[in-house]
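J.: Note that our numbering has the sequence shown beginning at 220, numbered continuously upward. Beta carbons: idealized from backbone N, C-alpha and C, even for Gly.
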Amino acid sequence: MSDGTRVTVAAAIRDAAQRLSQTSGTARLDAELLMAQALGSSRSDLLLRHMRDTAPGAFEALISRRAANEPVAYILGVQEFYGREFMVTPDVLIPRADSESVVQAALEAAPEPRRVLDCGTGSGALLLTLLAERSDARGVGIDSSPAALEVARRNAVALGVTQRAQMLEKDWTKAGWADAFGTFDLIIANPPYVEVDADLSPDVRAYEPPQALFSGPEGLDDYRILIPQLPQLLTETGVAVLEIGHMQAASVMKIASEQGFAADVRVDLAGRDRAIVLRLKLG
Ligand code: GLN
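Listed below in structure tokens is the structure:
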């Protein structure tokens with residue numbers, strides 16, 4: 220490209236996919252998405268219409284970022300989740316397909332939620348998806364990061380649910396954070412649950428917010444803090460659905476049962492343990 224030779228979109232994508240294959244498991248897809256971005260087009264339009272066009276100069280800079288392990292979602296500034304587009308910045312965890320099974324579990328456990336609390340809302344993906352799916356529901360998203368809350372608020376605007384969504388700066392490790400919150404019939408959370416010395420891919424470790432990922436030596440610190448606070452935040456028949464690491468079901472169930480909860484495990488699309496559903500044992 221630098222010598223002025225005309226390089227087609229098709230050839231540029233092929234070269235970029237080759238280069239990214241060293242570090243990305245989705246090299247071709249990444250290259251197509253970044254080319255669509257450089258062209259200001261959608262991926263489907265790119266494939267249908269632009270393959271013989273001259274590759275835009277802006278493509279190279281995007282590929283260099285991806286080659287340095289920056290996640291595609293941060294380069295594009297958006298991530299699809301449960302069929303909707305969410306704005307993401309490095310201040311929030313990128314919503315993952317795994318977490319769609321948390322939404323699914325929540326909708327099964329609480330088919331008509333009225334008041335929803337999302338602990339550690341980040342981009343707002345979990346809460347805002349539930350509000351978009353259930354027009355009678357209202358919700359509160361809390362996060363300790365003001366920058367994350369700003370992203371969540373913008374996503375609430377984009378999804379047209381601002382009237383039903385409140386985003387509040389709260390830190391569940393601080394006493395009194397939930398004073399005057401009342402009770403909720405559904406509480407959801409994707410808390411940090413990664414062991415501090417876990418072997419994470421460079422995409423995650425170098426780019427995603429550590430405070431959304433890490434939770435002590437076993438990844439359990441936040442469950443130990445949060446779960447004992449749930450009984451006072453739930454209605455008597457309320458339900459809490461928490462995302463878990465796929466090896467954590469037994470440990471989190473134990474913490475939950477010590478707090479008087481009955482717990483069930485839900486799996487993700489890969490069949491791995493991904494969420495626990497908690498209900499207070501009555502009587
Ligand atoms: N699923 C994420 C990961 O493995 C972790 C999310 C979290 O800690 N809540 O990167």
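1) Within 10 Å of its beta-carbon, does LYS389 have 16 or more other beta-carbons around it, so buried, or fewer, so exposed?
2) Excluding the five sequence neighbours on either side, which residues of its own chain have a C-beta within less than 7 Å of the C-beta of ALA425, listed in chain order?
3) Starting from the N-terminal side, write out each stretch of the alpha helix (DSSP H) that is 4 residues or longer and does not extend beyond the stretch 308-334.
4) Indicate the three-state DSSP secondary structure (helix, strand or coil) for ARG508 in the structure shown.
5) In the DSSP assignment, find the unbroken alpha helix (DSSP H) run with GLU369 in it and report its ends.
6) Could you spell out where the beta strand (DSSP E) holding PHE403 opens and where it closes?
7) Name the DSSP bridge partner or partners of GLY358?
8) Pick out whichever of VAL413, ASP483, THR308, VAL471 has its Cα sitting closest to the Cα of VAL291.
9) Would the beta-carbon of ARG493 fall within 8 Å of that of ASP234?
10) Pull up the distance between the alpha-carbon of TYR412 and that of LEU432, whole angstroms please.
11) Relative to the C-alpha of SER364, which residue among VAL496, MET270, SER470, MET386 is closest?
12) Hey, THR347 and VAL380: beta-carbon distance below 8 Å or not?
13) Run the proximity test for PRO410: is its beta-carbon closer than 7 Å to any non-hydrogen atom belonging to the ligand GLN?
14) Three or more beta-carbon pairs under 8 Å between the stretch 325-335 and the stretch 269-288, yes or no?
15) Just to confirm, does ARG315 get its C-beta within under 7 Å of one of the non-hydrogen atoms of the ligand GLN?
16) For LEU497, write down the residues that DSSP places opposite it in a beta bridge.
17) Just the C-alpha distance for LEU461 and PRO436, rounded to the nearest angstrom, thanks.
18) Give the straight-line distance between the Cα atoms of LEU326 and GLU251, rounded to the nearest whole angstrom.
19) Decide yes or no for the touch test of the stretch 225-244 against the stretch 274-283: beta carbon pairs closer than 8 Å, at least 3 of them.
T.: Taking the structure as given:
1) Counting from 1 along the sequence shown, the entry for residue 389 is found at position 170. Burial is judged here by how many other beta carbons sit within 10 angstroms of a residue's own beta carbon; LYS389 has at least 16 and is buried.
2) To locate residue 425, count along the sequence shown from 1; it is residue 206. Shown here for ALA425: same chain residues with a beta carbon closer than 7 Å to its own, the five before and five after excluded, namely ASN288 in chain order.
3) As far as the stretch 308-334 is concerned, its whole alpha helix (DSSP H) runs of at least 4 residues are 316-328.
4) Nothing can be reported for residue 508: it is not among the residues displayed for the chain, which extend from 220 to 502.
5) The residue labelled residue 369 in the question sits at position 150 within the sequence shown. Counting along the chain, the unbroken alpha helix (DSSP H) around GLU369 starts and ends at 365-378.
6) Locating residue 403 in the sequence shown gives position 184, where the first residue counts as 1. That run of the beta strand (DSSP E) goes 403-408.
7) For the purposes of this step, residue 358 is identified with residue 139 of the sequence shown, where counting begins at 1. Answer is VAL335, ALA384, bridged to GLY358.
8) Position 72 of the sequence shown, counting from 1, holds the residue named residue 291. Comparing Cα positions, the closest option is THR308.
9) The residue labelled residue 493 in the question sits at position 274 within the sequence shown. The residue labelled residue 234 in the question sits at position 15 within the sequence shown. A distance of 8 Å or more separates the beta carbons of ARG493 and ASP234.
10) Counted from its first residue, the sequence shown places residue 412 at position 193. Counted from its first residue, the sequence shown places residue 432 at position 213. The C-alpha of TYR412 lies about 6 Å from the C-alpha of LEU432.
11) Mapped onto the sequence shown, residue 364 falls at position 145. Nearest option by C-alpha distance: MET386.
12) Within the sequence shown, numbered from 1, the residue matching residue 347 stands at position 128. Within the sequence shown, numbered from 1, the residue matching residue 380 stands at position 161. According to the sequence provided, residue 347 is Leu. The question's Thr does not apply to it. A contact, by the Cβ cut-off of 8 Å.
13) As a working mapping, residue 410 is identified with position 191 in the sequence shown. Answer for PRO410: yes, Cβ within range of the ligand GLN.
14) The count of Cβ pairs closer than 8 Å, one atom from the stretch 325-335 and one from the stretch 269-288, stays below three, leaving the stretches out of contact.
15) Position 96 of the sequence shown, counting from 1, holds the residue named residue 315. Because some heavy atom of the ligand GLN lies under 7 Å away, the Cβ of ARG315 counts as near it: yes.
16) Here residue 497 corresponds to residue number 278 of the sequence shown, with the count starting at 1. Answer is ALA459, ALA482.
17) On the sequence shown, position 242 is the one that residue 461 refers to. On the sequence shown, position 217 is the one that residue 436 refers to. Rounded to the nearest angstrom, the two C-alpha atoms are 19 Å apart.
18) As a first step, residue 326 must be located in the sequence shown, where it is residue number 107. As a first step, residue 251 must be located in the sequence shown, where it is residue number 32. Those two C-alpha atoms are separated by around 34 Å.
19) These segments touch.
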